[in-house]
Amino acid sequence: MQRLTNKQIILGITGGIAAYKSAELTRLLKGAGADVRVVMTPSATEFITPLTLQALSGNPVHLHLLDADAEAGMGHIELAKWADLVLIAPASANFMARLASGHGDDLLTTLCLATEAPICLAPAMNQAMWRDSGTQDNVNLLKSRDVTLFGPGSGEQACGDTGPGRMLEPEQIAMLSAEQFESGSLSGKTVFITAGPTREPLDPVRYISNHSSGKMGYALAEAAVEAGAKVKLISGPVNLPAPARMERISVESAEDMLTASLQDLNLCDIFIAAAAVADYRPTAVSEHKIKKGTEEIMELHLVKNPDIVATVATHPSNPFTVGFAAETRDVLEYARGKLDRKKLDLIIANDVSRSDIGFNSDENAVTIVSKTTAESLPQASKRQLATRLIARIAEQYNAEK
Ligand code: PMT
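Numbering of the sequence shown is given in numbering that gives the first Met the number 0, commencing with residue 0 and proceeding in unit increments.
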């Protein structure tokens with residue numbers, strides 16, 4: 000079930016008594032970390048209310064093909080593109096016939112025509128309807144088009160008959176849905192990542208900060224999502240859009256970043272600190288803009304900020320903790336010192352004396368330092384580097400667990 004983390008699933012519900020089980024299925028898919036959008040045919044709404052599915056999925060339920068409001072939100076083509084998997088449970092005999100003959104006369108059939116995601120059906124119908132040669136022809140046609148069928152099961156039916164045609168139980172359907180996805184190196188794991196700079200205010204219009212663009216941290220967050228992790232990205236002020244499939248928490252100062260990092264830390268498996276946190280902040284923040292005086296020199300009084308990554312690493316519910324070391328000289332030596340002092344599991348040493356890598360550039364080159372090893376990763380785009388870093392972090396995490 001861990002493979003469902005971050006996956007985007009359209010759950011299509013067609014008319015049949017088994018539709019009541021779709022509520023539990025929605026709950027299970029959500030619980031396994033999937034984002035679920037429910038699409039109901041008109042007859043499905045006779046068996047279970049859209050409101051129930053909306054409450055369980057946490058998303059609006061899609062009902063009509065030609066609905067101006069829905070199209071203004073997430074239109075049917077956008078929805079078809081959004082899906083990693085289209086799961087139809089229950090799939091009635093009528094729906095399967097319409098799908099087999101390529102109909103596009105309602106929202107659900109149109110989505111099936113438009114999507115490039117795999118389509119899986121959990122048939123549910125009376126045993127005689129399932130055995131009918133028309134249905135069986137449709138089953139064979141759908142299978143020949145790479146539509147996957149989950150079940151049906153066999154047994155006692157709502158109408159009193161016994162035989163094949165029962166929809167599989169929600170647990171089985173959720174499990175089979177998970178098997179449609181490959182397992183990533185961080186499947187089911189929760190990763191917190193800090194990114195970008197912090198801003199330490201002096202007055203309402205001025206602050207102390209640095210040149211971090213957030214690109215490295217955001218690339219790591221995307222790579223972690225691709226590896227199957229649930230990601231909380233704690234971001235300082237940057238000019239990057241919120242990446243998909245993760246929670247982004249925007250913060251300003253080091254103290255804000257610490258608060259966001261400690262929130263739900265007990266749920267965090269791996270913490271990666273890529274942010275360039277200001278080591279000091281002004282002792283006092285002026286309520287009004289500081290006026291230019293007559294003196295030539297102005298003194299600022301600064302106080303040490305909390306060390307976020309060290310606080311996390313020594314917290315009672317400490318996750319596997321990875322820091323970065325941004326250095327302009329003696330890079331490895333200083334990185335090893337930080338690894339030890341901050342009680343980290345790994346540190347990524349980053350030479351920031353060069354203008355073509357490090358702060359605010361699209362590329363980076365780093366050395367992964369553990370207590371006993373140092374492995375250099377040559378210059379590459381931050382995105383490529385992030386994939387390699389996440390693979391290496393996952394390997395070490397899994398080895399030490
Ligand atoms: O954002 P980009 O433009 O893409 O640039 C990427 C980067 C150069 C910022 C990134 O790769 C990087 O090196 N980040 C760490 C920057 C830094 O602040 O390093 P440091 O050596 O000062 O700090 C060591 C570690 O302690 C870091 O993991 C840092 O996040 C953490 N720290 C530092 C101070 C503090 N008060 N709290 C912290 O958690």
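Even glycine gets a Cβ: it sits at the ideal position worked out from N, Cα and C.
For the ligand HEM, is there a heavy atom less than 8 Å away from the beta-carbon of residue i?
| i | result |
| --- | --- |
| E326 | By its list of ligands, the structure shown excludes the ligand HEM, since it contains just the ligand PMT. |
Less than 9 Å between the C-beta atoms of residue i and residue j, yes or no?
| i | j | result |
| --- | --- | --- |
| A274 | M256 | yes |
| V60 | I9 | no |
| A17 | A173 | no |
| F319 | I346 | no |
| I76 | L107 | no |
| K303 | D202 | no |
| K214 | N349 | no |
| L343 | I367 | no |
| S153 | Q171 | no |
| K6 | D83 | yes |
| D105 | T40 | yes |
Quick one: using the 10 Å Cβ neighbour count with 16 as the cut-off for buried, is residue i buried or exposed?
| i | result |
| --- | --- |
| S56 | buried |
| C158 | exposed |
| A398 | exposed |
| T161 | exposed |
| R328 | exposed |
| T134 | buried |
| N363 | buried |
| N429 | Nothing in the structure corresponds to residue 429, since the chain is present only between 0 and 400. |
Under 6 Å Cβ to Cβ from residue i, same chain only, skipping five residues before and after it: list those, please.
| i | result |
| --- | --- |
| W129 | P163 and G164 |
| V230 | V190, A220, A223, V224 and M245 |
| S42 | G14 |
| A99 | N137, L140 and L141 |
| C267 | T189, F191 and P318 |
| S208 | P196 and R198 |
| N238 | none |
| P200 | Y206 and V284 |
| A334 | A324, I346, A348 and V368 |
Residues in its own chain within less than 8 Å of residue i by CB, not counting five upstream and five downstream?
| i | result |
| --- | --- |
| A177 | M0, Q1, R2, L3 and A31 |
| D361 | K214, S380 and K381 |
Could you name the residues of the same chain whose beta carbon sits closer than 7 Å to that of residue i, not counting the 5 residues immediately before and after it, in chain order?
| i | result |
| --- | --- |
| I193 | A quick correction: the sequence has Thr, not Ile, at residue 193. So the qualifying residues of the chain are G216, I233, M256, S260, A272, A273, A274 and I307. |
| Q53 | P59 and V60 |
| K20 | M166 and P169 |
| G103 | T109 and L112 |
Return the bridge partner residues of residue i from the DSSP annotation.
| i | result |
| --- | --- |
| N349 | A325 and V365 |
| Q7 | D34 |
| Y206 | P200 |
| T193 | I233 and A272 |
Answer yes or no: does any C-beta atom of chain B fall closer than 9 Å to that of residue i?
| i | result |
| --- | --- |
| H287 | No chain B is part of this structure, which consists of one protein chain only. |
Q.
Can you confirm whether the region 279 to 292 touches the region 235 to 247 when touching is taken to mean that 3 or more C-beta pairs between the two stretches lie within less than 8 Å?
A. Contact fails between the region 235 to 247 and the region 279 to 292, because fewer than three Cβ pairs, one in each stretch, are under 8 Å apart.
- Message: I want to know whether the region 180 to 190 touches the region 386 to 398 - three or more CB-CB distances under 8 Å.
- Response: With a cut-off of 8 Å, the region 386 to 398 and the region 180 to 190 count as touching, because enough Cβ pairs lie within range.
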